[in-house]
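Numbered by our numbering, the letters in the sequence shown go through residues 1 to 186 in order.
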Amino acid sequence: YQLSYFGANIFVVDLVGVLILRELGVLMTAIMLAGRSGSAITAEIGSMKMREEVDALKVIGLNPIGVLVFPRLVALVIGLPCLTIIANFAALGGGIVAAWLYSDIPPAAFIDRLRVAIDLSTIFAGLIKAPFMALIIGIIASVEGMKVGGSAESLGLHVTASVVKSIFIVIILDGLFAMFYAAIGF
């Protein structure tokens, strides 16, 4: 809306496309994943730790990391890029509607301009971040789950710590990726 004062309405498409595909799509999805799945992983592993199921796995000769942590990490690393793609499409759809309603840019013009404004490197710049963010979320959630003591209070504290740490580190990681991309000209 503000760009209309400068006669630059059509550049809304460039802004929306690059911002969503390169930065916000993956970041917002990772934050939601940290809040939803990260907390669930911490609660599940922490609950198993409280009931001494993790110790039981060790007693029967199974590695708790291989049985409890690794499958969850793989699921997150596969799931976050897929969810990021869905989030990108949803956000671009919202951008199309908002540009149409507020800036009188028809959907066909938005899509045409989007094809010009972005290229594959913009799309991959966001998608490359997703597995790393998923790995961070999974590792933090699993470590916090393994730290749970024998009380429900401990479980609650570690679930909260898991979500807060995951979101904080994901935001830091996104900033590091931005600096890295700027340094290599990507």
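The beta-carbon is built from N, C-alpha and C at its ideal position, and this holds for glycine as well.
Quiz prompt | Touch test, the segment 22 to 37 against the segment 95 to 112, Cβ-Cβ under 8 Å, three pairs minimum | solution = no
Integer-rounded CB distance, given that Gly38 should sit under 8 Å from Ala141 = In the sequence shown, residue 141 corresponds to position 141, counting from 1. In the sequence shown, residue 38 corresponds to position 38, counting from 1. With 8 Å as the limit, Ala141 and Gly38 qualify as a contact, their Cβ atoms being about 4 Å apart.
For Val67, name the three-state secondary structure that DSSP assigns.
Here the question's residue 67 lines up with position 67 in the sequence shown. Looking at Val67 - three-state DSSP - the assignment turns out to be helix.
Inter-residue Cα distance where the pair is Glu44 and Val18: Against the sequence shown, residue 44 aligns to sequence position 44. Against the sequence shown, residue 18 aligns to sequence position 18. Approximately 37 Å, taken between the alpha carbons.
- Check: Val116 C-beta below 6 Å from any heavy atom of the ligand GDP: Among the ligands in the structure shown, none appear at all, so the ligand GDP cannot be discussed.
To the nearest angstrom, how far is it from the Cα of Ile184 to the Cα of Pro81?
Stepping through the sequence shown from its first residue, residue 184 is reached at position 184. Stepping through the sequence shown from its first residue, residue 81 is reached at position 81. Looking at the two C-alpha atoms, the distance is approximately 23 Å.
Quiz item: Of all the options Phe186, Gly138 and Val148, which has the alpha carbon lying nearest to the alpha carbon of Ile78?
Solution: Counting from one through the sequence shown, the residue named residue 78 turns up at place 78. Residue Gly138 is the option with its Cα nearest to Ile78.
Cβ distance (whole Å) where Ala34 is taken to contact Ile118 below 8 Å: Your numbering for residue 34 matches position 34 in the sequence shown. Your numbering for residue 118 matches position 118 in the sequence shown. Not a contact, Cβ separation roughly 27 Å.
Exercise for review: Would you decide whether Asn88 is buried or exposed? Buried here means 16 or more other CB atoms lie within 10 Å of its CB.
Suggested key: Indexing the sequence shown from 1 puts residue 88 at position 88. Buried.
Check your understanding: Where does Ile10 sit, in a helix, a strand or coil, going by DSSP?
Key -> Counting from one through the sequence shown, the residue named residue 10 turns up at place 10. DSSP places Ile10 in coil when its eight states are reduced to three.
- Message: Using beta carbons (cut-off 7 Å, strictly below), is Leu68 in contact with chain C?
- Response: Judged by its chain identifiers, the structure shown contains no chain C, having just a single protein chain.
Helix, strand or coil at Leu62 [DSSP, three-state]: Stepping through the sequence shown from its first residue, residue 62 is reached at position 62. Correct three-state label for Leu62: coil.
Do the segment 157 to 164 and the segment 50 to 63 meet, that is, are 3 or more Cβ pairs less than 8 Å apart?
no
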